[in-house]
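Chains as they are written, first to last, in my numbering: chain A, 301 to 865; chain B, 217 to 291.
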């Protein structure tokens, strides 16, 4: 029976006990929950659990070659999250993270859209507490906006599922046609969660406002769940290539001028999601493998980067480039782990990013998509300057400031070192890593051309950064807010709608005044006719009324007499 | 050599050193890319350097458009 429990479900149910356990036992209990959930992955491929409710068959647990890699990495990330957050003694964030991870894992194994919808909304509702845990005025605002956007995306999914159900008679979670209305609705739902261009505001708005352990958890699940859904439902949809290219391209510029280092990482996350979306748009076996592989390593190195910045935030209470610098001597292990993550992100040979990015680029090259190829190459070069060098450089090296701090807590260090080891292992032994991907492929990332090309590309990008810094062209960091697409609903819509609302209010008031005037006038006209010796003189009126009443009574009597006799 | 290291620092000098080594490696072996344009000599190096300068240039010019006060949304 335990076997047929959908993975993740155990974690959600088990999370209910978390508030009642003392600190250390709770941490062990959470690890046990994750292992129990992971045990269900040994069942193999196929449909394992169904329930029938209201004549509808909900497929709760379905696994195939695409779900397995995502399930594995989500479980690994959940374990890393538990380790990373062990210093937090309050239960509320642990409960949120555990149920959030569980919901995301359960969503991956959903076999129909209604089950997916339930877990889809569950990820939103559970994760919003991590943003509330930021405990600032800004984080409260961001959390509400996050919740509205996420729930909204779920509504699109539900609408698409209902349409699909009414058109085809089933709501199986499968490949969808983008040309149908239900396909488009589902596409938008996934697109919001995957932070498509102009739909990405929530990502940069909310993640950096969460608590230090919350951001690490958030960076793993929500967006990668959307990537999984795209890979499952829209593989080979050509429009995704264009969207993906725009996604990789635009966040770079915002990332460079952003001051909050955790926000820099969210822009970078957005850009890397673009790589995966492009790969899904290509849709070949090599490309899908590239997308899945990139999602997996991205969870690891981006989680590691957020862990590093979380440690800095925990120790110094700030994550702003303009206030940080010179922390290497206080936090050397955190710094080294962050550098390993940055090097993986930049796709240096022997690190994890390299073995997945080359997959995607090769897939593009093979399909002859030259424009997209060069745009992605452009982003690959740029990633070094906007995130790879910038984040560790401004946190740990540039500008000696008077901030003094201690090294991160032991549990954070263990989590960071574990993630670093995984990043390096995947980079060194790609063939083992490729075995868990959905399609069996024989691909060799380490050949002379790839290595020389990539190191030249990155080396000279680094050189460009060094030149800009050395010749003092690189401007100093300024405390600022960078406008993003959330500006549309935070400033523009209120800016346009509030005056409109005032106008409507004014018009409304004027209309009521006019109505009041109209009624008063009509009343006066009638009143004037009712005074003595006028047409509707009241005394005459009363006599008339008695006559009319008598007439009605007589009519009723006649009517009844007609019926009964 | 020592003058260079003193002038630009150890890390920067080692980056420069790696860059030069991989330029020389390209001359020794045969590097080919996914597309024919990439087969031009030192293409990744030139592409990488120029990309970064371009990205940086565009980003800095966007500052005036998108950069607002820190408490822009709090007002």
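Beta carbons: idealized from backbone N, C-alpha and C, even for Gly.
{"query": "Beta-carbon proximity of residue 405 of chain A to residue 308 of chain A, cut-off 8 Å", "result": "yes"}
{"query": "Closer than 7 Å at the beta carbon, the chain C residues around residue 224 of chain B", "result": "Within the model displayed, chain C is absent; protein chains A and B are what it includes."}
{"query": "Neighbour-count burial assignment, residue 751 of chain A, 16 or more Cβ in a 10 Å radius", "result": "buried"}
{"query": "DSSP three-state assignment for residue 862 of chain A, whether helix, strand or coil", "result": "helix"}
{"query": "Burial state of residue 504 of chain A (16 or more Cβ within 10 Å)", "result": "buried"}
{"query": "Beta-carbon proximity check, residue 432 of chain A vs residue 440 of chain A, cutoff 8 Å", "result": "yes"}
{"query": "Alpha carbon of residue 279 of chain B to alpha carbon of residue 557 of chain A, nearest angstrom", "result": "7 Å"}
{"query": "Residue nearest to residue 652 of chain A in terms of C-alpha spacing, selected from A:660, A:613, A:552 and A:601", "result": "A:601"}
{"query": "Per-residue contacts from residue 758 of chain A into chain B (C-beta, under 8 Å)", "result": "264"}
{"query": "Exposed unless 16 or more other CB atoms sit within 10 angstroms - verdict on residue 220 of chain B", "result": "exposed"}
{"query": "Residue 850 of chain A to residue 823 of chain A span [Cα, whole Å]", "result": "29 Å"}
{"query": "Cα-Cα separation, residue 762 of chain A to residue 271 of chain B", "result": "13 Å"}
{"query": "Assigned exposure category for residue 786 of chain A - 16 Cβ within 10 Å defines buried", "result": "buried"}
{"query": "Own chain residues within Cβ distance below 8 Å of residue 540 of chain A, not counting five before or after", "result": "530, 534, 577, 578, 580 and 581"}
{"query": "Residue interval of the beta strand (DSSP E) (run including residue 358 of chain A)", "result": "356 to 363"}
{"query": "Any C-beta of chain B under 8 Å from that of residue 562 of chain A", "result": "no"}
{"query": "Proximity to residue 478 of chain A [Cα-Cα], best of A:488, A:471, A:715 and A:566", "result": "A:488"}
{"query": "Closest Cα partner of residue 276 of chain B within the set A:552, A:411 and A:385", "result": "A:552"}
{"query": "Residue 626 of chain A versus residue 691 of chain A - alpha carbon distance", "result": "12 Å"}
{"query": "is_contact[residue 548 of chain A, chain B] using C-beta, thresh 8 Å", "result": "no"}
{"query": "7 Å CB neighbourhood of residue 658 of chain A in its chain, flanking five on each side removed", "result": "745 and 750"}
{"query": "Proximity winner among A:802, A:808, A:772 and A:715, relative to residue 387 of chain A (alpha-carbon distances)", "result": "A:715"}
{"query": "Proximal residues of chain B, C-beta to C-beta of residue 321 of chain A below 8 Å", "result": "Correct list: empty, because the minimum Cβ distance to chain B is about 39 Å."}
{"query": "Assigned exposure category for residue 731 of chain A - 16 Cβ within 10 Å defines buried", "result": "exposed"}
{"query": "Residue 522 of chain A, enclosing alpha helix (DSSP H) - first and last residue", "result": "512 to 533"}
{"query": "Secondary structure of residue 455 of chain A, DSSP reduced to three states", "result": "helix"}
{"query": "Neighbour list for residue 681 of chain A in chain B, Cβ cutoff strictly below 7 Å", "result": "263, 264, 267 and 268"}
{"query": "Nearest-angstrom beta carbon gap, residue 413 of chain A and residue 463 of chain A [assumed within contact, 8 Å]", "result": "Between residue 413 of chain A and residue 463 of chain A the Cβ distance is about 10 Å, and since that is not below 8 Å, they are no contact."}
{"query": "CB contact below 8 Å: residue 783 of chain A versus chain B", "result": "yes"}
{"query": "Nearest neighbour of residue 330 of chain A, chosen from A:775, A:342, A:341 and A:313 [CA to CA]", "result": "A:313"}
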